[in-house]
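In what follows, a structure is listed as structure tokens, so that the remarks can point back to it.
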Amino acid sequence: MDSTNNSDASVIPVEARATLDLFASICDRAAEVVGANADWGASGLRSGQYAIDLDVDEVCVQPLLAAGFDVLSEESGLQQQGGELGRDVVVVDPLDGSTNASLGLPWCATALCLVSDGVPTVAMVSNLATSDRYTAVRDRGANRNGQPILVGPRSSLSESIIAVNGLPPAHWGWQQFRAMGAAALDIAAVARGGFDGYVDTTTDSHGVWDYLASVLILEEAGGCAADALGRDLTVLNHVDRRTPVVASGGALLDELIAARTRRGP
Numbered sequence: 078m079d080s081t082n083n084s085d086a087s088v089i090p091v092e093a094r095a096t097l098d099l100f101a102s103i104c105d106r107a108a109e110v111v112g113a114n115a116d117w118g119a120s121g122l123r124s125g126q127y128a129i130d131l132d133v134d135e136v137c138v139q140p141l142l143a144a145g146f147d148v149l150s151e152e153s154g155l156q157q158q159g160g161e162l163g164r165d166v167v168v169v170d171p172l173d174g175s176t177n178a179s180l181g182l183p184w185c186a187t188a189l190c191l192v193s194d195g196v197p198t199v200a201m202v203s204n205l206a207t208s209d210r211y212t213a214v215r216d217r218g219a220n221r222n223g224q225p226i227l228v229g230p231r232s233s234l235s236e237s238i239i240a241v242n243g244l245p246p247a248h249w250g251w252q253q254f255r256a257m258g259a260a261a262l263d264i265a266a267v268a269r270g271g272f273d274g275y276v277d278t279t280t281d282s283h284g285v286w287d288y289l290a291s292v293l294i295l296e297e298a299g300g301c302a303a304d305a306l307g308r309d310l311t312v313l314n315h316v317d318r319r320t321p322v323v324a325s326g327g328a329l330l331d332e333l334i335a336a337r338t339r340r341g342p
């Protein structure tokens, strides 16, 4: 699948386009590994980790290291080329929604985000089951399967369909909610105008790999994101956790954060 839209590829910087091409080849390989997998047993290394998570991690991380990037992966942690963290770090979730994948549910993804000098600049989220692919380059917009995307128009929580992580402890004022089980795809769906927002109803259960690629895609599609507790969402370590809230616009984001603060968790 083409990683960029031919109509606007000329305005994407050469280095960013090369990064998208690398990301695309990694996502293609990840899809092959998951598609061929027949063993959904646990890795035995940590709770909630499947053996396939490690297999996909290897095909994601090794090409990135070979290309000279430092890598922060959910499965294998931070891998640096030198003694200090480099200026270009790729944050990767090799298999977001691995439980969905184990159940044959088509809502799982590989997510990659290049962070340059602390700023997310290039992102890709690829649904490994359907081949839907979301991309973004900072200040160049966001695409789904090579076509530009924008967030939806709804700005009131009472009219909105919100994707959630966790079980909401109360009705927070939305029209409906959905718990899909893969934050990267949930947030990407907000970027394309499917869902109107996404909220973590728990506290600090997301690593940066869960959301960073999709947040850049969302922002380039006209949406906005914040940590529910007011912290920076871009963190480059394997320890810190965040509570992301995203929406199609600022008014809805504020309303969603206020509802979360007022009614739970």
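Residue 332 in our numbering sits at position 255 of the sequence shown; the count goes up by one each step and never skips. In this text, a Cβ means the ideal position worked out from N, Cα and C, and glycines have one as well. Values in this document were obtained by computation on a predicted structure and should not be read as measured data.
Inter-residue distance for A324 and T280 is about 18 Å (C-alpha atoms, whole angstroms). Under the three-state reduction of DSSP, G243 is assigned to coil, being neither helix nor strand. Closest in alpha carbon position to A93, among V192, R255, G229, H283, is V192.
The continuous beta strand (DSSP E) containing D304 extends over residues 301-304.
Taken atom to atom, the span from the alpha-carbon of T198 to that of L293 is near 8 Å.
Annotation: the region 180-252 contains the following complete segments of the beta strand (DSSP E) (minimum length 3 residues), in chain order: 186-193, 196-204, 210-214, 219-221, 238-242. Here H248 is exposed, its C-beta having fewer than 16 other C-beta atoms within 10 Å. Distance from the Cα of Y288 is smallest, within the candidate group A261, G270, L122, for A261.
The Cβ atoms of S237 and W251 lie closer than 8 Å to each other. For Y288, the uninterrupted alpha helix (DSSP H) segment begins and ends at 285-297.
Comparing alpha carbon positions, the residue from V312, L227, E332 closest to G284 is V312.
The secondary-structure analysis by DSSP pairs G154 across a beta bridge with S150. The alpha-carbon separation between S120 and L310 amounts to approximately 29 Å.
By the criterion of a C-beta distance shorter than 6 Å, A108 is surrounded in its chain by L205, once the five residues flanking it on both sides are discounted. Excluding its 5 nearest sequence neighbours in each direction, M201 has C-beta neighbours in its own chain below 6 Å: F100, L189, T212, listed in chain order.
In this structure, DSSP gives F100 a helical state, which the three-state scheme calls helix.
Between A298 and L227 a beta carbon distance of about 5 Å is seen, short of the 8 Å cut, so the two are scored as contacting. Here S175 is buried: its Cβ has 16 or more other Cβ atoms, across all protein chains shown, within 10 Å.
Checking the DSSP bridge columns, you'll see R319 partnered with H283. A Cβ-Cβ separation of about 16 Å leaves C137 out of contact with A259 under the 8 Å criterion. The Cβ atoms of P171 and S150 lie closer than 8 Å to each other.
In the three-state reduction of the DSSP assignment, P171 falls in the strand class. Residue pairing of D165 in beta bridges, as defined by DSSP: S193.
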